[in-house]
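*Asks:*
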Amino acid sequence: MSVLEEPRLGTTLAALAVFCVAVAGCEEQTPVALTEDALPGEPISIEVNIPWSSFASNLEVFGGYGSAEDIGGGGVIAEDFAGTLDARTLMRIGAYPTVATVQDTTGASRPDSTLTILGGRLVAFFDTIESTNAMPVTMALGATTQEWDPTTASWAFAVDTINDQRPWTEPGGGPVTALVQATWDPAAGDTAVFELDSAQVALWSDTTDLSAGVRIDLLDAGERLTVNSAVLRLDARPSSNPDTIIQLTASTRASTFIYSPFPQPPPDGVRIGGAPSWRTILDIAIPEMIDGIPEFCAVVDCPHQLDAGQISYAALVLTSRETEAAFQPTDSIRLDVRPVLDRASMPKSPLGVSLIVDPLGRTVGPDAFGASPGVEIEVPFTGFARDRLRGTDNSGNTTPGTLALLSVIEPFSISFASFEGPGTAAEPYLKLVLTIGPPVELP
Amino acid sequence: MAKLIGAAGRAVVLAALLALVPAADVGAQSLFNAAGLGLPGEALDGRARALGSMGIGLPGSSILPTDPGALARVGISTGVMAASPSWVDYNSAGNLGSFEGNRFPLLGLAYPVFGGMASVQIGSFLDQGYEVTRIGEVSIGGSPVRTTDDFRQDGSVSNLNLGFARTIGSRFAAGVTLGRYAGNLDRTLVRTYGEEGESGNVDTYRESGVWSWTGQSITLGGTAELPNVRVAASIQIPSDLDAEASTQTRGSDRSFALPVQYRVGATANLGPSVLVHTSAVIADWSATQDALADGAFAHDGNGFGVGVELSRARVLGKDAPLRFGFRRVGLPFAFDDEQAIERVFSGGFGLVLNETAGVVLGGIDIAIERGQRRGANLTEHFWRGTLSLLTSGF
Numbered sequence: 000m001s002v003l004e005e006p007r008l009g010t011t012l013a014a015l016a017v018f019c020v021a022v023a024g025c026e027e028q029t030p031v032a033l034t035e036d037a038l039p040g041e042p043i044s045i046e047v048n049i050p051w052s053s054f055a056s057n058l059e060v061f062g063g064y065g066s067a068e069d070i071g072g073g074g075v076i077a078e079d080f081a082g083t084l085d086a087r088t089l090m091r092i093g094a095y096p097t098v099a100t101v102q103d104t105t106g107a108s109r110p111d112s113t114l115t116i117l118g119g120r121l122v123a124f125f126d127t128i129e130s131t132n133a134m135p136v137t138m139a140l141g142a143t144t145q146e147w148d149p150t151t152a153s154w155a156f157a158v159d160t161i162n163d164q165r166p167w168t169e170p171g172g173g174p175v176t177a178l179v180q181a182t183w184d185p186a187a188g189d190t191a192v193f194e195l196d197s198a199q200v201a202l203w204s205d206t207t208d209l210s211a212g213v214r215i216d217l218l219d220a221g222e223r224l225t226v227n228s229a230v231l232r233l234d235a236r237p238s239s240n241p242d243t244i245i246q247l248t249a250s251t252r253a254s255t256f257i258y259s260p261f262p263q264p265p266p267d268g269v270r271i272g273g274a275p276s277w278r279t280i281l282d283i284a285i286p287e288m289i290d291g292i293p294e295f296c297a298v299v300d301c302p303h304q305l306d307a308g309q310i311s312y313a314a315l316v317l318t319s320r321e322t323e324a325a326f327q328p329t330d331s332i333r334l335d336v337r338p339v340l341d342r343a344s345m346p347k348s349p350l351g352v353s354l355i356v357d358p359l360g361r362t363v364g365p366d367a368f369g370a371s372p373g374v375e376i377e378v379p380f381t382g383f384a385r386d387r388l389r390g391t392d393n394s395g396n397t398t399p400g401t402l403a404l405l406s407v408i409e410p411f412s413i414s415f416a417s418f419e420g421p422g423t424a425a426e427p428y429l430k431l432v433l434t435i436g437p438p439v440e441l442p
Numbered sequence: 000m001a002k003l004i005g006a007a008g009r010a011v012v013l014a015a016l017l018a019l020v021p022a023a024d025v026g027a028q029s030l031f032n033a034a035g036l037g038l039p040g041e042a043l044d045g046r047a048r049a050l051g052s053m054g055i056g057l058p059g060s061s062i063l064p065t066d067p068g069a070l071a072r073v074g075i076s077t078g079v080m081a082a083s084p085s086w087v088d089y090n091s092a093g094n095l096g097s098f099e100g101n102r103f104p105l106l107g108l109a110y111p112v113f114g115g116m117a118s119v120q121i122g123s124f125l126d127q128g129y130e131v132t133r134i135g136e137v138s139i140g141g142s143p144v145r146t147t148d149d150f151r152q153d154g155s156v157s158n159l160n161l162g163f164a165r166t167i168g169s170r171f172a173a174g175v176t177l178g179r180y181a182g183n184l185d186r187t188l189v190r191t192y193g194e195e196g197e198s199g200n201v202d203t204y205r206e207s208g209v210w211s212w213t214g215q216s217i218t219l220g221g222t223a224e225l226p227n228v229r230v231a232a233s234i235q236i237p238s239d240l241d242a243e244a245s246t247q248t249r250g251s252d253r254s255f256a257l258p259v260q261y262r263v264g265a266t267a268n269l270g271p272s273v274l275v276h277t278s279a280v281i282a283d284w285s286a287t288q289d290a291l292a293d294g295a296f297a298h299d300g301n302g303f304g305v306g307v308e309l310s311r312a313r314v315l316g317k318d319a320p321l322r323f324g325f326r327r328v329g330l331p332f333a334f335d336d337e338q339a340i341e342r343v344f345s346g347g348f349g350l351v352l353n354e355t356a357g358v359v360l361g362g363i364d365i366a367i368e369r370g371q372r373r374g375a376n377l378t379e380h381f382w383r384g385t386l387s388l389l390t391s392g393f
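Protein chains in written order, with numbering that gives the first Met the number 0: chain A, 0 to 442; chain B, 0 to 393.
Structure, rendered in structure tokens:
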């Protein structure tokens with residue numbers, strides 16, 4: 000046929016291009032139906048509270064995570080606080096500056112490595128919120144005389160590592176060389192100053208001396224103070240300008256606190272926080288079948304086979320209880336919940352990632368553990384609950400069956416949170432918000 | 000031999016270009032998509048739309064799947080594709096709104112083989128996409144919490160056809176089209192908790208189902224070339240339309256009865272430049288009612304159309320026939336027991352881009368329709384354009 004002998008591909012392609020451009024100009028919008036007849040069956044949303052015995056077991060409290068030194072920079076001092084607690088802060092001072100840039104007698108600035116230490120002062124900074132005192136308190140500063148280890152030191156032991164356990168010759172970090180006293184008035188600021196002479200300053204100048212250290216004691220009974228940090232300010236005379244006194248700073252290179260008595264694990268409760276920290280672990284099994292809950296069975300056929308996709312919200316609900324007075328929080332506690340990856344290895348099991356979206360954890364005010372106990376705290380773990388019911392996560396990995404309740408930062412404070420445990424009137428329970436709908440069918 | 004290879008090569012290139020267009024990608028065209036099995040989509044080109052045709056009885060290079068006999072008259076290799084954007088305003092009990100969408104209702108290729116013409120066509124059959132939102136409130140922890148149920152249905156039923164037709168003598172032609180229904184339907188309900196824009200602790204609930212559409216059809220048709228008149232008729236006999244749920248779907252498999260569709264059409268040449276066309280379709284969808292859930296209603300899809308073509312018109316020295324038409328067709332599915340009707344006035348023109356020895360090698364047909372779909376509680380007014388590209392001799 001003649002037409003096949005005359006290629007017209009160019010014309011065709013041009014027309015096709017025009018065609019494609021023309022049809023591409025129309026925006027695609029999905030029509031929104033106006034009648035609910037076009038919707039499938041409506042789901043039911045219902046809240047269900049599952050008692051402890053139906054979803055959890057084997058609650059245990061473990062202590063000893065981290066060291067008071069891990070808080071970093073500061074410590075705690077207390078004297079017969081709440082009638083029981085004594086606490087002292089131990090610090091190691093870093094190397095003193097050996098060179099300073101000073102103006103000589105001609106007014107020129109140059110480094111001077113021949114400095115004469117005349118004295119100084121230890122400046123301590125306090126946490127005005129966590130500290131319990133409203134009135135001025137008096138503290139004593141002493142120099143340790145026995146070798147001690149900042150990481151493992153406790154009220155009874157100066158060193159407490161494997162194959163090396165050495166008790167203090169006098170429990171509580173002593174004996175010490177008494178130096179000076181100072182007063183801190185929280186109304187006047189957050190700082191207390193211990194004035195020191197040159198001989199006292201010289202006690203900490205040798206950084207290789209493992210017995211060198213600062214001990215701060217509280218002399219006034221009935222209070223608990225939190226030390227945020229401390230620095231040693233040194234007064235020095237440079238050789239290049241002997242008429243001038245310059246001030247140098249030596250920081251602390253280690254800081255911890257020791258206290259007595261050490262709290263015992265609660266026999267029937269949940270404990271989170273402290274220093275070293277406490278963790279509470281519990282085994283979780285999301286019930287596959289829900290039955291016998293009147294308010295639930297009134298709207299859903301019982302027994303109901305629970306599907307993971309029906310869990311819209313899941314939370315462990317804890318009821319706060321009053322913490323032992325000596326360890327009651329004075330600032331907010333931040334709770335975290337993480338899966339325990341190897342239950343048999345507890346207390347050394349690694350933990351999974353946090354189940355709480357907020358990186359600061361679940362924040363609870365201090366009154367819940369002191370003046371106003373009995374507050375219900377929800378610790379949400381919806382995704383974990385779904386995976387636990389399915390048995391695997393989205394990657395196909397087996398979902399751990401144990402959760403750990405802990406502080407977001409370990410350790411964070413000497414104080415800890417306490418909650419009612421199983422078997423009590425306000426035992427933990429599982430709160431579920433379920434969305435249960437019929438299958439989506441064709442019209 | 001070289002010519003044969005060259006022609007085949009051009010055919011391959013053209014086929015590849017055609018494949019770039021999402022064939023039969025039906026988009027949203029009507030709120031009636033939400034009724035029953037959706038809104039029937041018709042595999043028509045721009046000329047048929049402009050003439051108000053039901054897709055049968057048109058002379059020329061038409062390769063519509065609803066007119067198997069006409070395929071025999073095409074004579075040479077031909078390809079056609081159509082795009083159809085639409086702009087819709089609706090009014091439902093005082094609720095006003097608008098939307099727009101685009102679809103590709105027809106893609107076809109025909110080639111001469113075995114003394115006749117073979118064809119492959121992909122066309123739309125049912126448009127089903129829509130979404131709907133329901134606002135509610137539940138009590139969680141003793142406090143009222145707003146719920147938002149967003150339901151989205153996404154999918155369509157398309158029709159893949161293989162056809163063959165040949166002339167019988169100089170006046171008659173007969174053809175058969177074997178069709179296969181295909182497509183998917185994804186229905187998803189998502190419930191979210193809390194005020195709009197807020198992200199709370201309560202996660203969304205999601206329930207969805209995916210179904211695959213399957214089914215077959217056979218269409219028999221014939222044409223007769225009488226003096227100054229072409230007459231055509233066809234009958235489409237479908238199987239049930241089966242919906243098979245995916246393994247992840249909790250919903251059940253379903254099967255829907257489809258109607259036998261009868262079509263007749265005729266085009267008369269009233270003079271050297273005037274063609275008059277009329278066509279009708281009869282399709283009783285009432286048997287589908289039995290398989291539909293409560294709240295969905297099936298009616299007939301009967302309709303007719305008339306049109307006129309002024310074939311002597313020219314633009315830029317090329318033939319550009321003008322067309323006008325009207326059609327009225329019943330919508331098979333509605334939200335209540337009262338049938339919805341679509342009425343359309345149409346106009347358009349064709350433009351021959353290339354013609355050799357009286358054979359159109361390239362051309363476009365454009366139709367503009369102004370129509371109304373009216374049901375008991377819903378009225379839509381729409382503009383719809385249809386642009387089809389026809390190319391031959393590749």
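Don't be surprised by glycine CBs; every beta carbon is placed ideally from N, CA and C.
On the premise that aspartate 111/A lies in contact with valine 98/A, defined as a C-beta separation below 8 angstroms, what is that separation, rounded to the nearest angstrom?
*Replies:* Correct: roughly 7 angstroms between the Cβ atoms.
*Asks:* Tell me leucine 95/B's beta-bridge partners as DSSP assigns them.
*Replies:* DSSP output for leucine 95/B lists Asn90/B as bridge partner(s).
*Asks:* If we count the other Cβ atoms within 10 Å of its Cβ and call it buried at 16 or more, is serine 245/B buried or exposed?
*Replies:* Per the 10 Å Cβ criterion, exposed.
*Asks:* Taking contact to mean 3 or more Cβ pairs, one atom from each stretch, closer than 8 angstroms, check whether the stretch 313-328 of chain A and the stretch 287-302 of chain A are in contact.
*Replies:* The stretch 313-328 of chain A vs the stretch 287-302 of chain A: no contact.
*Asks:* If you check the beta carbons only, do arginine 322/B and isoleucine 340/B fall under 8 angstroms apart?
*Replies:* Result no, Cβ atoms of arginine 322/B and isoleucine 340/B do not sit closer than 8 angstroms.
*Asks:* Should glutamate 99/B be flagged as near chain A, meaning a C-beta pair shorter than 8 angstroms?
*Replies:* Yes, glutamate 99/B counts as interfacial toward chain A.
*Asks:* Give the straight-line distance between the Cα atoms of glutamine 338/B and histidine 298/B, rounded to the nearest whole angstrom.
*Replies:* Cα to Cα, glutamine 338/B sits roughly 6 angstroms from histidine 298/B.
*Asks:* Looking only at its own chain, which residues have a Cβ that is under 7 angstroms from the Cβ of glycine 182/B, when we skip the five neighbours before and after it?
*Replies:* Taken in chain order, the residues that qualify are Gly154, Ser155, Val156, Ser157, Trp212.
*Asks:* What ranges does the beta strand (DSSP E) occupy inside the stretch 200-260 of chain A, keeping only unbroken runs of at least 3 residues that lie completely in it?
*Replies:* Complete beta strand (DSSP E) runs here, min 3: 213-217, 222-237, 245-259.
*Asks:* List the whole-angstrom C-beta distance separating threonine 218/B from arginine 229/B, where the pair is believed to meet the contact cut-off of C-beta under 8 angstroms.
*Replies:* Not really, about 18 angstroms apart at Cβ, beyond 8 angstroms.
*Asks:* Distance, Cα to Cα, arginine 165/A vs glycine 172/A?
*Replies:* Each residue's alpha carbon lies about 12 angstroms from the other.
*Asks:* Beta-carbon of tyrosine 110/B versus every beta-carbon of chain A: anything under 8 angstroms?
*Replies:* With 8 angstroms as the cut-off, tyrosine 110/B does not count as an interface residue toward chain A.
*Asks:* Would you tell me roughly how many angstroms separate the C-alpha atoms of alanine 425/A and glutamate 419/A, rounded to the nearest one?
*Replies:* Approximately 6 angstroms between the Cα atoms of the pair.
*Asks:* Using 8 angstroms for Cβ pairs, my map puts leucine 359/A next to arginine 333/A. What's the rounded Cβ distance?
*Replies:* With a Cβ gap of about 6 angstroms, leucine 359/A and arginine 333/A count as contacting.
*Asks:* Using a Cβ-Cβ cut-off of less than 8 angstroms, give me the residues of the stretch 240-273 of chain B that come near chain A, in sequence order.
*Replies:* Residues passing the 8 angstroms Cβ filter: Ala242, Thr248, Arg249, Gly250, Ser251, Arg253.
*Asks:* Starting from the C-beta of serine 85/B, find all residues in its chain whose C-beta is less than 7 angstroms away, skip the five residues before and the five after it, and write them out in chain order.
*Replies:* Within the same chain, serine 85/B has close Cβ partners Gln28, Glu99, Gly100, Phe381, Trp382, Arg383.
*Asks:* Could you give the C-beta distance for threonine 29/A and glutamate 195/B, rounded to a whole number, given that I count them as a contact under 8 angstroms?
*Replies:* About 18 angstroms; that fails the 8 angstroms criterion.
*Asks:* Helix, strand or coil for phenylalanine 193/A per DSSP?
*Replies:* Of the three classes helix, strand and coil, the one that applies to phenylalanine 193/A here is strand, per DSSP.
*Asks:* Just to confirm the assignment, what range does the beta strand (DSSP E) spanning alanine 86/A have?
*Replies:* Counting along the chain, the beta strand (DSSP E) containing alanine 86/A begins and ends at 84-92.
*Asks:* State the Cα-Cα distance for the pair proline 442/A and alanine 292/B, rounded to the nearest angstrom.
*Replies:* For proline 442/A and alanine 292/B, the distance between alpha carbons rounds to 5 angstroms.
*Asks:* Do phenylalanine 325/B and glycine 304/B have their C-beta atoms closer together than 8 angstroms?
*Replies:* Going by C-beta atoms, phenylalanine 325/B is nearer than 8 angstroms to glycine 304/B.
*Asks:* I want to verify the contact list: residues of chain B whose CB lies under 7 angstroms from the CB of tyrosine 95/A, in sequence order.
*Replies:* Result: empty, since nearest Cβ-Cβ is about 53 angstroms, beyond 7 angstroms.
*Asks:* Please report the Cβ distance between leucine 57/B and alanine 47/B, rounded to the nearest whole angstrom; I am assuming they are in contact, meaning their Cβ atoms lie under 8 angstroms.
*Replies:* The pair is a contact, with the Cβ atoms about 6 angstroms apart (cut-off 8 angstroms).
*Asks:* Comparing C-alpha positions only, which one of Leu117/A, Pro379/A, Ser394/A sits nearest to arginine 337/A?
*Replies:* Answer by Cα proximity: Pro379/A.
*Asks:* Does the beta-carbon distance from isoleucine 285/A to phenylalanine 54/A come in below 8 angstroms?
*Replies:* Yes; because the gap between Cβ atoms is below 8 angstroms, this pair is in contact.
*Asks:* Check whether chain B comes within 8 angstroms of aspartate 392/A, counting only Cβ atoms and requiring the distance to be less than that.
*Replies:* No, no contact with chain B.
*Asks:* In whole angstroms, give me the CA-to-CA distance for leucine 117/A and alanine 416/A.
*Replies:* Roughly 47 angstroms between the two C-alpha positions.
*Asks:* Whole angstroms are fine: how far does the CA of leucine 218/A sit from the CA of isoleucine 244/A?
*Replies:* Approximately 33 angstroms between the Cα atoms of the pair.
*Asks:* Do the stretch 304-319 of chain A and the stretch 377-395 of chain A make contact, defined as three or more Cβ pairs closer than 8 angstroms?
*Replies:* Segments in contact, yes.
*Asks:* Less than 8 angstroms between the CB atoms is what I'm expecting for leucine 84/A and arginine 214/A, so what's the real figure, rounded?
*Replies:* Actually they do not touch by this definition, with Cβ atoms about 17 angstroms apart.
*Asks:* Contact criterion: CB-CB distance below 8 angstroms. Does leucine 177/B meet it with respect to chain A?
*Replies:* Closer than 8 angstroms: no.
*Asks:* Note down, in chain order, each residue of its chain lying with its Cβ closer than 6 angstroms to the Cβ of aspartate 88/B, except the 5 sequence neighbours on either side.
*Replies:* Excluding positions up to five away in sequence, the list reads Ser97, His380.
*Asks:* State the DSSP-derived secondary structure class of phenylalanine 104/B, mapped to helix, strand or coil.
*Replies:* Note on identity: in this sequence residue 104/B is proline, with phenylalanine being the wrong assignment. Proline 104/B falls in the strand class under three-state DSSP.
*Asks:* So with CB distances below 7 angstroms, who are the chain A contacts of aspartate 202/B?
*Replies:* Those within 7 angstroms of aspartate 202/B in chain A are Ser311, Tyr312, Thr381.
*Asks:* So the candidates are Thr88/A, Gly291/A, Gly272/A, Pro438/A; which of them puts its Cα closest to the Cα of proline 365/A?
*Replies:* The residue with the shortest Cα to Cα distance from proline 365/A is Gly272/A.
*Asks:* Relative to the C-alpha of aspartate 208/A, which residue among Asp103/A, Gly93/A, Thr318/A, Pro241/A is closest?
*Replies:* With distances taken between Cα atoms, aspartate 208/A lies closest to Gly93/A.
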